[in-house]
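Oh and the sequence shown: position 115 is 115 in our numbering, straight run, nothing missing. C-beta atoms are modelled at their ideal positions from N, C-alpha and C, and glycine is treated no differently. None of these values were measured; they are calculated from a predicted model.
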Amino acid sequence: MVLPKPLMPVGDRPVLEIVVRQLRHAGFERITVATGHLAELIEVFFGDGARWDVAIDYYREIEPLGTVGALALIDSLDEPFLVMNGDLLTDMDYAALLQRHIDSDAVSTIATKHRDVQISLGVMHFDATDDPTLLTDYIEKPTIGYEASMGVYCFDPSVIAYIEPGVKLDFPDLILRLIANGEIVRSSPSEDYWLDIGRPDDYERAMDDFGRMRDRLMPPE
Numbered sequence: 001m002v003l004p005k006p007l008m009p010v011g012d013r014p015v016l017e018i019v020v021r022q023l024r025h026a027g028f029e030r031i032t033v034a035t036g037h038l039a040e041l042i043e044v045f046f047g048d049g050a051r052w053d054v055a056i057d058y059y060r061e062i063e064p065l066g067t068v069g070a071l072a073l074i075d076s077l078d079e080p081f082l083v084m085n086g087d088l089l090t091d092m093d094y095a096a097l098l099q100r101h102i103d104s105d106a107v108s109t110i111a112t113k114h115r116d117v118q119i120s121l122g123v124m125h126f127d128a129t130d131d132p133t134l135l136t137d138y139i140e141k142p143t144i145g146y147e148a149s150m151g152v153y154c155f156d157p158s159v160i161a162y163i164e165p166g167v168k169l170d171f172p173d174l175i176l177r178l179i180a181n182g183e184i185v186r187s188s189p190s191e192d193y194w195l196d197i198g199r200p201d202d203y204e205r206a207m208d209d210f211g212r213m214r215d216r217l218m219p220p221e
């Protein structure tokens, strides 16, 4: 049987259940889940959220709307709100992130994580201005650092105006659209534990880590 990624197990729980428990523990009272393929499995498992003492409702996409397109069709987004992927594992304090956003001048705040990637090849640099074939540096198997989106975003309600209802849109396109229109977008660098279990390497690590980190990742019952 094929499971949607948010129902993939980490330890003895689906990853989305861990997220729901964390959000409720952080004080969130309403969660809207945008679903698409295999939506009924998620809806049957979580129901109305009463089991976790949180109100859960759903927006089921008939046509794929990308990672952020459904926001324009969800009611009552009239206060700053949190949006996140349903297949990540972190011990981030979601309430603190949202409060930092509210206290800032940004219309959007993106949680970010520093990652290092080793290139398994020799990387060459050239004189790009005068002679593009002239070698200026040669680095064997360098490590490149970058800031990655953790898939957790805070938005002001005003961003909905940048999303056309019923039209597919992904997070990067929305963020670039905000920047192009002069809106302020900020990052919130994080030192928290974080894995994207949609990536096979991260999923395998999550399975290994969950047992010893359960108390950090799972709020009390």
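Around the C-beta of MET124, are 16 or more other C-beta atoms found within 10 angstroms, so that it is buried, or is it exposed?
Exposed is the call here.
Minimum length 4: unbroken alpha helix (DSSP H) runs contained in the region 47-116:
Scanning the region 47-116 for uninterrupted alpha helix (DSSP H) segments of 4 residues or longer gives 94-102, listed from N- to C-terminal end.
Please say whether SER190 and ALA95 have beta carbons closer to each other than 9 Å?
Cβ distance not < 9 Å, so ALA95 and SER190 don't count as in contact.
Is ALA34 closer than 9 Å to ALA70 when the C-beta atoms are compared?
Yes; because the gap between Cβ atoms is below 9 Å, this pair is in contact.
Starting from the C-beta of VAL15, find all residues in its chain whose C-beta is less than 7 Å away, skip the five residues before and the five after it, and write them out in chain order.
Correct list, in chain order: PRO6, MET8, ASP87, LEU89 and ILE197.
Thinking PHE171 and VAL107 are a contact (beta carbons under 8 Å), I'd like their distance in whole angstroms, please.
In fact, because the Cβ distance is near 14 Å, the residues do not count as touching under 8 Å.
Sub-9 Å separation of ALA72 and GLY166 beta-carbons:
Contact: yes.
With distances taken between CB atoms, is the gap from ASP193 to ARG216 smaller than 9 Å?
A quick correction: the sequence has Tyr, not Asp, at residue 193. Between TYR193 and ARG216, the C-beta spacing is below 9 Å.
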